[in-house]
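What follows is a single structure, written as structure tokens, with notes after it.
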Amino acid sequence: MENQRLILDFWHRFKDAFNDEIPDIFKRFTFHWLMWILPLIIFVIISSIFYRGVLFDLPVGYVDQDKSILSREIVRDLNAGAHANLFNYDNQLESAERDLEKAKIYAILYIPPNFEADVLAGRQPTPMLYYNALYYSAGLYSIMDYSGLIASLNTQYRTTMATSIGLPVPKLAQVNFNYDGLFNASGNSMYFQQFSAVVHLLQLFVVTTTIYILSKLPKRTRPNYPFVLGKLAPYTIWYTMLLMFEIAMLVLFSDARVSGSPFAMMFVVFFYVIAAQSIGILLYTFTKNVLDAYTYIGVLVGLALTYSGVVVPELSMPWIARFISSLEPLTYALNKLFDLFLRHSSYLSVLKTCAILMIYPIIITVLVRKRLVKRLHSQ
Amino acid sequence: MLKLFLSSAVKMFFYMLMRPMWLLLLVSVSLMSLVYVNGTITNLPVAIVDQDHTTTSRSLIRSLNTSSKIDVLTYENSLQAYDDINSRKLFAVFTIPRDFEKRLLNGEDVTIPAYGDASSRLANGLIQVDIRGIYQQILTEYNTRVMRNSGFSDPQINIILSPIKGQTMPLYNAGISFAAITFPGLLVMLLQHTFLIASTRTNLTLHSLPQGKPPKIVIFGSLCGLIPIWLFLSLVLFGLWPWVLGYRQLASIPAILVMTFPLLLGVLGLSKLLTECLHRTEMIYLTLAFLTTPVFYLSGTIWPLDAMPLWVQTVSRMLPSTWATNMIAGVNQMGLGLSDNLFNIFMILFLGAIYGSLGFFIAALREGKIRGYIRKIKKFMHSNNQKIDNKPSIS
Numbered sequence: 000m001e002n003q004r005l006i007l008d009f010w011h012r013f014k015d016a017f018n019d020e021i022p023d024i025f026k027r028f029t030f031h032w033l034m035w036i037l038p039l040i041i042f043v044i045i046s047s048i049f050y051r052g053v054l055f056d057l058p059v060g061y062v063d064q065d066k067s068i069l070s071r072e073i074v075r076d077l078n079a080g081a082h083a084n085l086f087n088y089d090n091q092l093e094s095a096e097r098d099l100e101k102a103k104i105y106a107i108l109y110i111p112p113n114f115e116a117d118v119l120a121g122r123q124p125t126p127m128l129y130y131n132a133l134y135y136s137a138g139l140y141s142i143m144d145y146s147g148l149i150a151s152l153n154t155q156y157r158t159t160m161a162t163s164i165g166l167p168v169p170k171l172a173q174v175n176f177n178y179d180g181l182f183n184a185s186g187n188s189m190y191f192q193q194f195s196a197v198v199h200l201l202q203l204f205v206v207t208t209t210i211y212i213l214s215k216l217p218k219r220t221r222p223n224y225p226f227v228l229g230k231l232a233p234y235t236i237w238y239t240m241l242l243m244f245e246i247a248m249l250v251l252f253s254d255a256r257v258s259g260s261p262f263a264m265m266f267v268v269f270f271y272v273i274a275a276q277s278i279g280i281l282l283y284t285f286t287k288n289v290l291d292a293y294t295y296i297g298v299l300v301g302l303a304l305t306y307s308g309v310v311v312p313e314l315s316m317p318w319i320a321r322f323i324s325s326l327e328p329l330t331y332a333l334n335k336l337f338d339l340f341l342r343h344s345s346y347l348s349v350l351k352t353c354a355i356l357m358i359y360p361i362i363i364t365v366l367v368r369k370r371l372v373k374r375l376h377s378q
Numbered sequence: 000m001l002k003l004f005l006s007s008a009v010k011m012f013f014y015m016l017m018r019p020m021w022l023l024l025l026v027s028v029s030l031m032s033l034v035y036v037n038g039t040i041t042n043l044p045v046a047i048v049d050q051d052h053t054t055t056s057r058s059l060i061r062s063l064n065t066s067s068k069i070d071v072l073t074y075e076n077s078l079q080a081y082d083d084i085n086s087r088k089l090f091a092v093f094t095i096p097r098d099f100e101k102r103l104l105n106g107e108d109v110t111i112p113a114y115g116d117a118s119s120r121l122a123n124g125l126i127q128v129d130i131r132g133i134y135q136q137i138l139t140e141y142n143t144r145v146m147r148n149s150g151f152s153d154p155q156i157n158i159i160l161s162p163i164k165g166q167t168m169p170l171y172n173a174g175i176s177f178a179a180i181t182f183p184g185l186l187v188m189l190l191q192h193t194f195l196i197a198s199t200r201t202n203l204t205l206h207s208l209p210q211g212k213p214p215k216i217v218i219f220g221s222l223c224g225l226i227p228i229w230l231f232l233s234l235v236l237f238g239l240w241p242w243v244l245g246y247r248q249l250a251s252i253p254a255i256l257v258m259t260f261p262l263l264l265g266v267l268g269l270s271k272l273l274t275e276c277l278h279r280t281e282m283i284y285l286t287l288a289f290l291t292t293p294v295f296y297l298s299g300t301i302w303p304l305d306a307m308p309l310w311v312q313t314v315s316r317m318l319p320s321t322w323a324t325n326m327i328a329g330v331n332q333m334g335l336g337l338s339d340n341l342f343n344i345f346m347i348l349f350l351g352a353i354y355g356s357l358g359f360f361i362a363a364l365r366e367g368k369i370r371g372y373i374r375k376i377k378k379f380m381h382s383n384n385q386k387i388d389n390k391p392s393i394s
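Heads up: the sequence lines are chains A and B, in that order. Going by numbering that gives the first Met the number 0, 294 is the number at position 295 of the first sequence; the sequence numbering is gapless. Going by numbering that gives the first Met the number 0, 1 is the number at position 2 of the second sequence; the sequence numbering is gapless.
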């Protein structure tokens, strides 16, 4: 009986605070700013940065010191490939090197003197393709067509070489190695980067908005936990819908494949937003003032993206990094959202993720239950 | 005047030393770096489904096992392997098809299908390159055996199999360290971001003191008091950190300071503009905190600027960090001299001057000074016109 009364009391306080907050959501510019203007501006910028998805026609310099038919063929064929756009540096290797250092070009093809003559004489010359591995994406894409080109030229010249030796070439192994990427939704190599950035940034917005709302709670009210939850609940719904909208836009613009259920996705996003809000409550409760709370957001949420497995796969992280990764709600939410998009994910696994995400608010509730009200009073 | 400037700079410097919130940057970078401790990917579990069970297939598995990047696990059942890659226990699955050896000996076409997890772009790319190299080596070994049996000598085989020895050579990040790919842009962005927050916050605090706004020289002195702290941070981030994480670091300490100083001046200009636009300390956090990730993506290190649309390139070029990243990565990792970066330095200072001037203009507009100047100009023009009108004319 006592418990029922407590639950009813909790519910009434929660409902009153919720109904009280709804008309106020968009009354101030700051709310507009945090809830749709800035999220959408950043979404547009990030989507535009990677809009090409795959890198084509990257500037590559070449120094051809042979100027033979074969060397010209290499230059022509590499230029005809999708990824490289070749620029002639004549014999100025130093100037090409300088441009490589300045990241004006991403690779240099160097064809040595007497190249064709050396090939025909069986001296196995080496045309070198130097690439910038610091600017990794551009460097790697710019050399993408090179190995295939050399392999086809070697096959072409094999018979000529054998004839000059005077023996017929036996039947060689014809093995093709076909490496492909699984779980690639759109053929866009940066799709996951965009996807994770959007999910990550939403967490940042949710944590910040939570702290902002808590710091602006009217002083005349007598704060208590159901009241705080009721005040935050409209924003849970709003940010869930916002992330779903952004994901939908991303899928639409990237022409990506979705194999899972959007409803299951919405559940995961909902619990992810709740976990992020609880982090906001935790930061607000255990800091002296609101500016300190904002300062710590950067540290806390900045780490989330690093450890989410997008840059370095979790399977390759040292144990301590894996441990930190397992503490972040972003890791679970991102993995499950990726799974729902591209892998076969059961409803049971969705429930499991939601349960894991619910651990955050539960633990944080236990941690802040006494201190939060004090903190709100001390504001 | 100089005394006032120096005293406020020293006061701010010691205030920052007493309240070292800026150390959070180092804490944050240290924690972020943990993920890069291994340098590059190591021992990623990769499944090989051997459907052939012959000497050749086992030799292929042994060769793949030599790569330090992967840890080969043999599977009997491809369904089980795909199930494990689906549940993130594996990173890639290779299948050696049935009759692999037989078809190889008959010179028939054989395809070895391999599928990697494309959701981790960097790791997938590196594994692909590594495995392709090993595969090429195995194929060469096999073809060498075939040709030797046909009466070719070893030097002849070598020439026939590869008349051209095409090579690719990674420069500036030879071991392909993940940290080296991410950190040049990330550290510049963090340095810019933290200094922008600190200087804007200082600006706003000084503008809203209860005893009134202090003289301009005090504000300027206080802002300059921040610079030594961030110069120290730059030494840690661009000098010490590459050494800790084991990637190339070529710039000397004076060179790092010479590169960072203009960046800090440029950011001071930007902070003046933001001070006038944001007007409340809270708004700094409600605005700037969200821009870190986009600014990092805009720096051009992980995705080239040429591949972005023109308007995004323009936004990117309006940020001091984009020019600073190009300069610091060029000098620190790629061996460029400072003299090669005069344009980058000029652009950072130019942007700082533009933003600073805009900030002063907005401040003057807000304080009504611009209106005063316009009124004065109008008055001056009016009195000049009157003088001309009052001159006696010949007619």
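Ideal Cβ placement from N, Cα and C applies to all residues, glycine included.
- Contact between the stretch 232-249 of chain B and the stretch 304-324 of chain B is absent, with fewer than three C-beta pairs closer than 8 Å.
- Residue pairing for Gln166/B: DSSP places it in a beta bridge opposite Met127/A.
- For Leu181/A, the pairing in a beta bridge is given by DSSP as Asp116/B.
- Between Pro308/B and Ser47/A, the beta carbon gap of about 5 Å places them in contact (Cβ cut-off 8 Å).
- Taking the Cα of Lys215/A as reference, the smallest distance to any Cα among Lys14/A, Trp10/A, Ser377/A, Ile40/A is reached at Ser377/A.
- Runs of the alpha helix (DSSP H) spanning 4 or more residues and lying entirely within the stretch 242-309 of chain B occur at 252-277, 280-286, 291-297, in chain order.
- Per DSSP, Gly60/A lies in no alpha helix (DSSP H) segment; the continuous beta strand (DSSP E) that holds it begins and ends at 57-63.
- The alpha carbon of Met0/B has as its nearest neighbour, out of Gly265/B, Gly220/B, Ala362/B, the alpha carbon of Gly220/B.
- The beta carbons of Met258/B and Ile327/B sit closer together than 8 Å.
- Rounded to the nearest whole angstrom, the C-alpha separation of Lys88/B and Pro124/A is 44 Å.
- Interface annotation, Lys170/A: in contact with chain B, CB-CB separation under 8 Å.
- Cβ-Cβ separation between Ile45/A and Tyr296/B: approximately 6 Å, consistent with a contact (criterion under 8 Å).
- DSSP places Phe237/B within a helical segment (H, G or I) once states are collapsed to three.
- Taking a C-beta distance under 8 Å as the contact criterion, Phe289/B and Leu200/A qualify as a contact pair.
- Cα atoms of Ser348/A and Phe337/A: separation of roughly 13 Å, rounded to the nearest angstrom.
- Under the 10 Å beta carbon count, Thr274/B is surrounded by 16 or more other beta carbons and is classified as buried.
- For Thr39/B, the secondary structure class from DSSP, reduced to helix, strand or coil, is coil.
- Assigned with DSSP and collapsed to three states, Ile107/A falls in strand.
- Under the DSSP definition of a beta bridge, Tyr74/B partners with Val48/B.
- When the five nearest sequence neighbours on each side are left out, the beta carbons in the same chain lying within less than 6 Å of the beta carbon of Ile84/B are those of Val92, in order along the chain.
- In this structure, the straight-line span from the alpha carbon of Asp56/A to that of Leu222/B is close to 45 Å.
- A distance below 7 Å between beta-carbons, with the five flanking residues on each side excluded, links Leu128/A to the following residues of its chain, in chain order: Ala106, Leu108, Ile142, Tyr145.
- Under the Cβ criterion of 8 Å, Pro293/B is counted among the residues facing chain A.
- At least 8 Å separates the CB of Gly245/B from every CB of chain A.
- Secondary structure of Ile142/A (DSSP, three-state): coil.
- Closer than 8 Å at the C-beta level to chain B, one finds these residues of the stretch 299-315 of chain A: Gly301, Leu302, Leu304, Thr305, Tyr306, Gly308, Val309, Val310, Val311, Pro312, Glu313, Leu314, Ser315.
- Taking 8 Å as the threshold, the shortest C-beta distance from Phe182/A to chain B falls below it.
- Residue environment analysis places Phe90/B among the buried positions, since at least 16 neighbouring C-beta atoms fall within 10 angstroms of its C-beta.
- With a 10 Å radius around the Cβ and a threshold of 16 neighbouring Cβ atoms, His31/A comes out exposed.
- Taken in chain order, the members of the stretch 17-34 of chain B whose beta-carbon sits within less than 8 Å of a beta-carbon on chain A are Met20, Leu23, Val26, Ser27, Leu30, Met31, Leu33, Val34.
- Within the model, the alpha-carbon separation for Met264/A versus Val250/A is close to 13 Å.
- Burial of Gln193/A is indicated by the presence of at least 16 other C-beta atoms within 10 angstroms of its C-beta.
- Here the stretch 228-244 of chain A makes no contact with the stretch 295-315 of chain A; the two share fewer than three CB pairs at distances below 8 Å.
- Residue contact with chain A for Gly238/B: absent (no Cβ-Cβ distance below 8 Å to any residue of chain A).
- Secondary structure of Ala292/A (DSSP, three-state): helix.
- Residue contact check for Val272/A against chain B: no CB pair falls below 8 Å.
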